[in-house]
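Enquirer:
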Amino acid sequence: MLNIVKSKSQQNKEIHTLVKKLRTFTFEEVGTEEWTNQKETLDRLNQLAHQNASKGEEEQVKSALIEHKKVIRSIHYPPNRCNQLNVIVHELIMIDLWVTKIWPQIQPSIYQNLGQGSFLKPYLIITTEMSCVNLLEILLYHQDACEATEDAVFELVEYGYRKLNHLHSLWAIIAETMTDVTAALIQMDEALDPVEKLNRKIDSIRFDVAISSLTLIRYITDHVIHLPVGITNSLLIANDVISSVCQLLQESRPWSTVVKRDKWRFIDHNWEKTPAADVLRLSKTEAQCWLILYNLLFQKETREKYPFTSSSQATLLRLRPLIHETLVDQLPILDQFQKFLDHLSIQTPPSSTANPIRVMQVSEYESMIDTMDWTKMGDLHLKMALEEDATTTLVPKNDKGREKEEKRLIEEIKPQTVEKEEDAPPCARCSAASWKRCARCKKEWYCSRECQVDSWPQHSASLLGKTTFATKHAVYPIHRPYASLSESLSRTSNSVSRGPENRATRPPPRSLKREGLQREYRSKEETEEPRDEEEKPEEKSDEMERDANGIPSVDYFTKKYGVTVGRSLYLRAARKAEDPDFTWQPDRRLNRRQMLEVKEAFRLAPTFKTKQLLSEKFKISMEAIDRITHSKWEPTTEQVKRQETNKVMERRLGKNSGVMGDIQEESRILSQIVDIYVRDPKDRQAVKHLRHTLTKMLDMVDSIDFR
1 MLNIVKSKSQ QNKEIHTLVK KLRTFTFEEV GTEEWTNQKE TLDRLNQLAH QNASKGEEEQ
61 VKSALIEHKK VIRSIHYPPN RCNQLNVIVH ELIMIDLWVT KIWPQIQPSI YQNLGQGSFL
121 KPYLIITTEM SCVNLLEILL YHQDACEATE DAVFELVEYG YRKLNHLHSL WAIIAETMTD
181 VTAALIQMDE ALDPVEKLNR KIDSIRFDVA ISSLTLIRYI TDHVIHLPVG ITNSLLIAND
241 VISSVCQLLQ ESRPWSTVVK RDKWRFIDHN WEKTPAADVL RLSKTEAQCW LILYNLLFQK
301 ETREKYPFTS SSQATLLRLR PLIHETLVDQ LPILDQFQKF LDHLSIQTPP SSTANPIRVM
361 QVSEYESMID TMDWTKMGDL HLKMALEEDA TTTLVPKNDK GREKEEKRLI EEIKPQTVEK
421 EEDAPPCARC SAASWKRCAR CKKEWYCSRE CQVDSWPQHS ASLLGKTTFA TKHAVYPIHR
481 PYASLSESLS RTSNSVSRGP ENRATRPPPR SLKREGLQRE YRSKEETEEP RDEEEKPEEK
541 SDEMERDANG IPSVDYFTKK YGVTVGRSLY LRAARKAEDP DFTWQPDRRL NRRQMLEVKE
601 AFRLAPTFKT KQLLSEKFKI SMEAIDRITH SKWEPTTEQV KRQETNKVME RRLGKNSGVM
661 GDIQEESRIL SQIVDIYVRD PKDRQAVKHL RHTLTKMLDM VDSIDFR
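With full-length UniProt numbering, the residue at position 135 of the sequence shown is 135, and numbering never jumps.
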């Protein structure tokens, strides 16, 4: 229990630290390094908020955003001290304006320079809108969070209405071109060019944001009586959300589509094929639309202010055929809505009691449009994306910095999914509560890194067809390229103080790092027991080990011939083992386990060098590897040039082998002296020998003949 409380306190401290960092940005600052850091902060807060909501815990993210207040500067309004929740709303509105006004200007130039990584920053900005909407979906569910938005709720209503219009525009495109836009969002054809793929990806993100905005409008209508007075006029008169949602249910219905006679639905931010038995099942998005209409028409405060006209009456009555018994069973409140429509069809619409004097708040979105020079702002962001201006660029100019920053942006762009802890099965090794899973199969769960490493030999067998690589059980000894400090320094001077032995461990192979294995590196001196000098090793007996049937055992065959064979190959070879003239043929036929190992190694690194290594390891020709892997890899022109260059360098180094050996020896001594100098910078003898060794090495380098 103590550990749980401690973890919760640490999480609460982390949330408050992240919330304090939030601030508003201007259009000139969008895409800078500081803005990118806040994007990471928003993603982390979004992840923590989803975790708290999925576990049913106290939502600390919401409390922290309401509690902390900061001065927010707006374009149209004077500086105002508001909570941090308004910072998220401001960021959402600004990014939506960026996508609407700036992205169409810079899009052609960005697509012309795709190979230079110019698309990373614009794509990161576009995905920020999705992060803000997802976070607000969690927060606005609560009444206190809706009330804390204060005047920013007007901006959210305007934003939601714009997204409704975007969903209607999809229907307009369908009517003009007779092609289903949502079907195009589902089918990401691999044969498309990169520009078309990126266009579809951006359309998919904007569609996802528009669908999520329906949830924001629904939560606002749930708490509309607790919000500022003008919010009702904004929902019913200025934007007429009721008519827009009715049209969405009657005509557009963008959350469902048909592709090749298969019905698809947009469920939980993904397109899923709908079985025939679930065709009449009510989707979450459609339910949000019905709940919006119910909240606006069945609350006295909103129904009395809605101006019923003949046009709005006809729009509502067209919903009557959509309500059937199956739909009412899934959403019982539609029974009352059905009765309301029946009364509306035989009675005159009730008169509106709206106030004759209406005070409408000016939207910050409109003020930004009127006060901004969008051509100048588009040129600025184009320079940032193409890295032409060194003062505003996000990615460094040098190659190493650019590669590092691009990797960070790519990791930032990757979608972050939150796994439900209660749905995770127990640890596959110790049956404890698990929170990690295998990155390959996505099915095995573990409670810690140690359990995953311990169970990897068995789990890898299931991944590779009940086989494992021989290298997975290897133990690498400690690599000691340098002699002890006393032996190294005795060649130069005996006056230098001696120190402990410096043993550098050899790093594991890159392939083992990729598979996520941790090995223990230990020397043979530490693992082997000491024995007397007179003790002689036991002589291996050549007597053949046989099983109960008189067939030579697999262990004997492996020890004698140094190979590991499958059962079928072993039985054929075991019959010849008694023949004194029997010899092992190097060009043999691989068994199933070895063929799987060749395919797996070639899949991880499909290069000509890999094919050479596999050919040497398994003693088979390269043509056989081509047949196994169904591919043919020849050395490229650059590889051939590199091989010729290496041969020339080897020939040149052969002339200077003696000098190179002396340099290598002096470098070993130099490393030991540096260790002493780091431990004690005041050691004069170490400084003296350091200068002497460096001078000696420089003289040796000058004597090398590079001709």
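Yeah, the Cβ is synthetic: ideal placement off N, Cα and C, and Gly gets one too.
All figures in this text were calculated on a predicted structure; none of them were measured in a lab.
1. Given 8 Å as the limit, is there contact between the stretch 280-293 and the stretch 318-338, that is, 3 or more CB pairs closer than that?
2. Look at the alpha carbon of Met649 and the alpha carbon of His630, and state the distance between them as a whole number of angstroms.
3. Taking its Cβ as the centre, do 16 or more other Cβ atoms sit within 10 Å of Glu91, making it buried, or is it exposed?
4. Checking the sheet assignment: what are the DSSP bridge partners for Trp271?
5. Looking only at its chain, what residues have a beta carbon closer than 6 Å to the beta carbon of Met178, apart from the 5 residues adjacent to it on each side?
6. By Cβ distance, which residues of its chain are closer than 7 Å to Asp262, with the 5 residues on each side in sequence left out?
7. Let me know the secondary structure DSSP gives Trp255 once reduced to three states.
8. What distance in whole Å lies between the Cβ atoms of Gln47 and His68, which are believed to be in contact at a cut-off of 8 Å?
9. Out of Lys300, Ala145 and Leu327, which one is the CA nearest neighbour of Ile225?
10. For Lys69, which three-state DSSP category applies?
11. Determine contact between the stretch 425-444 and the stretch 453-463, defined as no fewer than three beta-carbon pairs at a distance below 8 Å.
12. Could you please give me the residues that DSSP links to Lys436 through a beta bridge?
13. What does the Cβ neighbour count give for Val209, buried or exposed, with the cut at 16 atoms within 10 Å?
14. For the alpha helix (DSSP H) holding Glu28, just list the boundary residues, first then last.
15. Quick one: using the 10 Å Cβ neighbour count with 16 as the cut-off for buried, is Lys121 buried or exposed?
16. Touch check for the stretch 317-332 and the stretch 245-258: three-plus C-beta pairs under 8 Å?
17. What do you reckon, are the CB atoms on Leu22 and Ser131 nearer than 9 Å?
18. Determine the DSSP secondary structure at Gly56, reduced to helix, strand or coil.
19. Verify whether the separation of the beta carbon atoms of Glu155 and Ile205 is less than 9 Å.
20. For a quick check, are the C-beta atoms of Ser213 and Tyr159 less than 9 Å apart?
21. Which residue's Cα is closest to the Cα of Val153: Lys101, Asp193 and Thr221?
22. To the nearest angstrom, how far is it from the Cα of Ser460 to the Cα of Cys430?
23. If I follow the unbroken alpha helix (DSSP H) through Trp374, where does it start and stop?
24. Would DSSP call Asn591 helix, strand or coil?
25. Could you check if Leu331 belongs to the surroundings of the ligand MG, using beta carbon to heavy atom distance under 8 Å?
26. Is Leu382 closer than 9 Å to Gln112 when the C-beta atoms are compared?
27. Drop a sphere of 10 angstroms on the beta-carbon of Val229, count the other beta-carbons inside from all chains shown, and report buried for 16 or more, exposed for fewer.
28. Going by C-alpha to C-alpha distance, which of Val19, Gly56, Gln51 and Trp271 sits closest to Lys39?
29. What did DSSP end up calling Gln518 once you bin it into helix, strand or coil?
30. Identify whether Asn83 lies in helix, strand or coil by the three-state DSSP scheme.
31. Let me make sure I understand the geometry here. Which of Ala64, Ile323 and Leu114 has the alpha-carbon closest to that of Ala148?
32. Which residue from Thr693, Ile663 and Asp662 puts its Cα closest to that of Ile673?
33. Have a look at Met377 and Asn239 and give me their C-alpha separation to the nearest angstrom.
34. The alpha helix (DSSP H) with residue 738 in it runs from where to where?
35. Can you have a look at Leu136 and say buried or exposed, based on whether 16 or more other CB atoms are within 10 angstroms of its CB?
Expert: Result, derived from the coordinates:
1. Yes: the two stretches touch, three or more of their Cβ pairs being nearer than 8 Å.
2. Working through the sequence shown from its first residue, we reach residue 649 at position 649. Working through the sequence shown from its first residue, we reach residue 630 at position 630. If you take the alpha carbons of Met649 and His630, they lie about 35 Å apart.
3. What you label residue 91 is simply residue 91 of the sequence shown in a count that begins at 1. So Glu91 counts as buried.
4. Within the sequence shown, numbered from 1, the residue matching residue 271 stands at position 271. As a beta-bridge residue in DSSP terms, Trp271 pairs with Phe266.
5. Stepping through the sequence shown from its first residue, residue 178 is reached at position 178. With a pLDDT of 39 at Met178, under the threshold of 50, the modelled position of this residue cannot be trusted, and the question is left open.
6. Mapped onto the sequence shown, residue 262 falls at position 262. Answer for Asp262: Lys273, listed in chain order.
7. What you label residue 255 is simply residue 255 of the sequence shown in a count that begins at 1. Looking at Trp255 - three-state DSSP - the assignment turns out to be coil, as it is neither helix nor strand.
8. Position 68 of the sequence shown holds residue 68. Position 47 of the sequence shown holds residue 47. Contact flag wrong, Cβ pair sits at about 19 Å.
9. One-based indexing of the sequence shown puts residue 225 at position 225. When Lys300, Ala145 and Leu327 are compared, the shortest CA-CA separation from Ile225 is found for Lys300.
10. Locating residue 69 in the sequence shown gives position 69, counting from the first residue. Under the three-state reduction of DSSP, Lys69 is assigned to strand.
11. Taking 8 Å as the limit for Cβ pairs, the verdict is that the stretch 453-463 does touch the stretch 425-444.
12. On the sequence shown, residue 436 is found 436 positions in, with the first residue counted as 1. Per DSSP, Tyr446.
13. Indexing the sequence shown from 1 puts residue 209 at position 209. Val209 comes out buried.
14. Counting from one through the sequence shown, the residue named residue 28 turns up at place 28. Glu28 -> no alpha helix (DSSP H), and no H or E assigned at all.
15. Here residue 121 refers to the residue found at position 121 when the sequence shown is read from its first residue. Buried, by the Cβ-count rule.
16. A contact is defined here as three or more CB-CB pairs under 8 Å, and the stretch 317-332 meets this definition with respect to the stretch 245-258.
17. To locate residue 22, count along the sequence shown from 1; it is residue 22. To locate residue 131, count along the sequence shown from 1; it is residue 131. In this structure, Leu22 keeps its C-beta atom at 9 Å or more from the C-beta atom of Ser131.
18. For this step, residue 56 is matched to residue 56 along the sequence shown. Looking at Gly56 - three-state DSSP - the assignment turns out to be coil, as it is neither helix nor strand.
19. For this step, residue 155 is matched to residue 155 along the sequence shown. For this step, residue 205 is matched to residue 205 along the sequence shown. With contacts defined as CB atoms closer than 9 Å, Glu155 and Ile205 fail to qualify as a contacting pair.
20. For this step, residue 213 is matched to residue 213 along the sequence shown. For this step, residue 159 is matched to residue 159 along the sequence shown. Ser213 places its beta carbon less than 9 Å from that of Tyr159.
21. Your numbering for residue 153 matches position 153 in the sequence shown. Looking from the CA of Val153, the closest CA among Lys101, Asp193 and Thr221 belongs to Thr221.
22. For this step, residue 460 is matched to residue 460 along the sequence shown. For this step, residue 430 is matched to residue 430 along the sequence shown. Rounded to whole angstroms, Ser460 to Cys430 spans 18 Å at the Cα level.
23. As a working mapping, residue 374 is identified with position 374 in the sequence shown. That run of the alpha helix (DSSP H) goes Trp374 to Leu386.
24. Position 591 of the sequence shown, counted from the start, is the residue given in the question as residue 591. If DSSP states are grouped into helix, strand and coil, Asn591 belongs with coil.
25. In terms of ligand content, the structure shown is empty, and the ligand MG therefore cannot be addressed.
26. Locating residue 112 in the sequence shown gives position 112, counting from the first residue. Locating residue 382 in the sequence shown gives position 382, counting from the first residue. With respect to Leu382, Gln112 sits apart: the two C-beta atoms are not nearer than 9 Å.
27. Start at 1 with the first residue of the sequence shown, and residue 229 comes out as number 229. Counting the other CB atoms within 10 Å of its CB gives Val229 a total below 16, which places it among the exposed residues.
28. For the purposes of this step, residue 39 is taken as residue 39 along the sequence shown, with counting starting at 1. Of the candidates Val19, Gly56, Gln51 and Trp271, the one whose C-alpha sits nearest the C-alpha of Lys39 is Val19.
29. As a working note, residue 518 is residue 518 in the sequence shown. Reliability of the predicted coordinates at Gln518 is poor, the pLDDT of 38 falling under 50, and the value obtained from them is presented with this limitation in mind. Note: Gln518 maps to coil in three-state DSSP.
30. Counted from its first residue, the sequence shown places residue 83 at position 83. Strand at Asn83.
31. The count along the sequence shown starts at 1 and reaches residue 148 at position 148. That would be Ala64, whose Cα lies nearest to the Cα of Ala148.
32. Here the question's residue 673 lines up with position 673 in the sequence shown. Nearest C-alpha to Ile673: Thr693.
33. Residue mapping note: residue 377 aligns to position 377 of the sequence shown, counting from 1. Residue mapping note: residue 239 aligns to position 239 of the sequence shown, counting from 1. Cα to Cα, Met377 sits roughly 29 Å from Asn239.
34. Beyond the ends of the chain as shown, which are 1 and 707, falls residue 738; an answer cannot be given.
35. Against the sequence shown, residue 136 aligns to sequence position 136. Buried.
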